[in-house]
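Okay, so here's the structure we're looking at.
Protein chains: 2
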Amino acid sequence: MLSQKSKYALRALLLLARQPPGEMVLVGEIAEQQNVPHKFLELILLELRKQGILFSQRGRNGGYTLARPKEAITFGEVIRIMDGPLAPLPCASVAGYRRCVDCQDERTCEIRQVMCSVRNAVADVLDNTSLADAIANGLSRERTALAS
Amino acid sequence: MLSQKSKYALRALLLLARQPPGEMVLVGEIAEQQNVPHKFLELILLELRKQGILFSQRGRNGGYTLARPKEAITFGEVIRIMDGPLAPLPCASVAGYRRCVDCQDERTCEIRQVMCSVRNAVADVLDNTSLADAIANGLSRERTALAS
DNA sequence: TGCTTTCCCTATAAAGATAATAGGATTATA
DNA sequence: TATAATCCTATTATCTTTATAGGGAAAGCA
Ligand code: FES
Ligand code: FES
Numbered sequence: 062m063l064s065q066k067s068k069y070a071l072r073a074l075l076l077l078a079r080q081p082p083g084e085m086v087l088v089g090e091i092a093e094q095q096n097v098p099h100k101f102l103e104l105i106l107l108e109l110r111k112q113g114i115l116f117s118q119r120g121r122n123g124g125y126t127l128a129r130p131k132e133a134i135t136f137g138e139v140i141r142i143m144d145g146p147l148a149p150l151p152c153a154s155v156a157g158y159r160r161c162v163d164c165q166d167e168r169t170c171e172i173r174q175v176m177c178s179v180r181n182a183v184a185d186v187l188d189n190t191s192l193a194d195a196i197a198n199g200l201s202r203e204r205t206a207l208a209s
Numbered sequence: 062m063l064s065q066k067s068k069y070a071l072r073a074l075l076l077l078a079r080q081p082p083g084e085m086v087l088v089g090e091i092a093e094q095q096n097v098p099h100k101f102l103e104l105i106l107l108e109l110r111k112q113g114i115l116f117s118q119r120g121r122n123g124g125y126t127l128a129r130p131k132e133a134i135t136f137g138e139v140i141r142i143m144d145g146p147l148a149p150l151p152c153a154s155v156a157g158y159r160r161c162v163d164c165q166d167e168r169t170c171e172i173r174q175v176m177c178s179v180r181n182a183v184a185d186v187l188d189n190t191s192l193a194d195a196i197a198n199g200l201s202r203e204r205t206a207l208a209s
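As given, the protein sequences belong to chains W and S, one line each in that order. So in this note's numbering, spot 138 of the first sequence is number 199, and the numbers just go up one at a time. So in this note's numbering, spot 11 of the second sequence is number 72, and the numbers just go up one at a time.
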């Protein structure tokens with residue numbers, strides 16, 4: 062389940078992606094336009110900046126802007142920052158792998174095998190969808206073909 | 062994220078799927094073999110029975126057994142019973158659709174469009190993987206082909 | 001230099017979901 | 001009738017998510 066935090070983050074990023082490149086936008090403006098609690102959004106944007114998704118400037122004429130072109134920021138990257146690994150189970154995660162303490166043998170665990178498939182399917186969508194793709198009304202051509 | 066409840070449910074079902082058809086197994090046996098809290102597992106199996114996945118018998122010689130052939134029980138069905146809709150957002154769910162109160166226009170919402178793709182990708186894996194598929198070492202042939 | 005605006009940072013509270021426990025009621029069998 | 005099992009409801013404990021609060025630090029401007 063996508064957290065509210067991820068949803069807010071994506072909404073903010075999509076708004077920024079629709080601005081002319083380099084244009085600074087205030088937290089307050091984003092919060093108001095997207096109906097997100099101001100202080101909560103601050104935390105979110107701060108984290109995105111620390112992870113290299115956003116660039117910020119303080120003081121007058123300050124604000125936030127994308128640190129990279131909107132084609133180079135994927136949903137997968139954003140959601141991983143906000144919510145952690147995409148995989149439904151830690152043992153099925155590539156980036157955030159953690160052993161299952163209560164499973165007897167990981168190599169033969171059927172649940173893990175299925176969840177690895179799920180994680181791959183999810184990552185295939187989210188890592189191949191950039192902010193630009195989503196704004197250009199969605200789904201890049203390859204994936205649309207695959208889904209049908 | 063898959064809940065512990067779903068994981069326990071799947072472990073129990075896979076154990077039952079490995080028995081000779083019709084063989085009754087006690088909650089206690091499952092709990093012990095799979096290292097699941099007994100009373101917690103009771104709740105889980107009870108719910109699976111109510112949803113038509115399991116058949117049970119009380120009293121001496123009682124226990125649980127699959128209510129259907131293991132080929133006819135999918136991961137998707139089980140996880141929906143335990144955790145609810147597969148979609149990462151209510152607005153992207155087919156079975157459990159709920160409107161997004163804080164999104165301005167659902168039809169143009171880019172987040173929703175992407176999450177619909179995710180939900181389809183996930184459902185495609187989970188609704189096409191039965192207990193039997195998983196035990197037969199995984200992934201049915203069609204999906205393996207698709208994933209590559 | 002001081003004033004204002006803005007992001008930056010840490011801590012904590014409020015609410016909700018998940019995980020687990022408890023205790024007994026009911027049913028089937030021997 | 002005794003026993004062994006599922007069935008059912010309620011409650012607690014723990015963790016996660018969501019949000020709020022209050023000030024600190026930098027950038028710009030007069
Ligand atoms: S090894 Fe992770 S679910 Fe079995
Ligand atoms: S409509 Fe559900 S996320 Fe926008």
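Don't be surprised by glycine CBs; every beta carbon is placed ideally from N, CA and C. As the structure is a computational prediction, the values presented were derived from the model and not from experiment.
- When secondary structure is reduced to three states using DSSP, Tyr158 (chain W) falls in the coil class, being assigned neither helix nor strand.
- Residue environment for Pro146 (chain S): buried (at least 16 other C-beta atoms within 10 angstroms of its C-beta).
- Taken through DSSP and simplified to helix, strand or coil, Gly89 (chain S) comes out as helix.
- Taking 7 Å as the Cβ-Cβ cut-off, the region 76-102 of chain W approaches chain S at Asn96, given in chain order.
- Under DSSP, Thr126 (chain S) forms a beta bridge with S:Phe116.
- Rounded to the nearest angstrom, the gap between the Cα atoms of Met176 (chain W) and Pro81 (chain S) is 26 Å.
- Interface annotation, Val186 (chain W): in contact with chain S, CB-CB separation under 7 Å.
- The residues Leu150, Pro151, Cys152, Glu167, Cys170 and Arg173, in chain order, have a CB closer than 8 Å to that of Cys161 (chain S) in the same chain once the five nearest residues on each side in sequence are set aside.
- Contact note: Asp163 (chain W) reaches chain S through Asn96, using a C-beta cutoff of 7 Å and chain order.
- One thing to note: Ile142 (chain W) has its Cβ within 7 Å of the Cβ of Gln112 (chain W).
- Taking 6 Å as the cut-off, one finds at least one heavy atom of ligand 1 near enough to the beta carbon of Cys164 (chain W).
- Between Ser67 (chain W) and Ser154 (chain W), the alpha-carbon positions lie close to 19 Å from each other.
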